[in-house]
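Be aware that the sequence shown starts at 32, since it is given in my numbering, and climbs by one per residue. No residue lacks a Cβ here, since even glycine has one placed at the ideal position from N, Cα and C. All of these numbers come straight from a predicted model, not from anything done at the bench. Everything on this sheet refers to the single structure shown next.
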Amino acid sequence: MSVTDQALKYGILSAKELALLSRVFDEACRQRLVDDHSLEAEIIAEEIVAAYRHGVRDEDELIKTAGTSSHIG
Numbered sequence: 032m033s034v035t036d037q038a039l040k041y042g043i044l045s046a047k048e049l050a051l052l053s054r055v056f057d058e059a060c061r062q063r064l065v066d067d068h069s070l071e072a073e074i075i076a077e078e079i080v081a082a083y084r085h086g087v088r089d090e091d092e093l094i095k096t097a098g099t100s101s102h103i104g
């Protein structure tokens, strides 16, 4: 499931929000050398959307929180 799919699942619908989440997802995957269609990428997408839903709006902070799950690695 892509970051866009995750966002839509939780009602994040504005173009600005989706653009932010997509940038964060792309950068988080790039930094972690993760294929954006892998299971690891799906977990990253879930973490990004979860952080966003909990009020994190800063792009750099969202990137930092992505991929910090113990399920990745």
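It is roughly 22 Å from the alpha-carbon of ALA59 to the alpha-carbon of GLY42. Pairing ILE74 with LEU51, the inter-Cα distance amounts to about 17 Å. Of the candidates VAL55, LYS40, GLY86, the residue whose Cα lies closest to the Cα of GLY98 is VAL55.
Straight-line spacing of the CA atoms in THR96 and GLU78 works out to 7 Å. Between SER33 and ALA76, the beta carbon gap of about 6 Å places them in contact (Cβ cut-off 8 Å).
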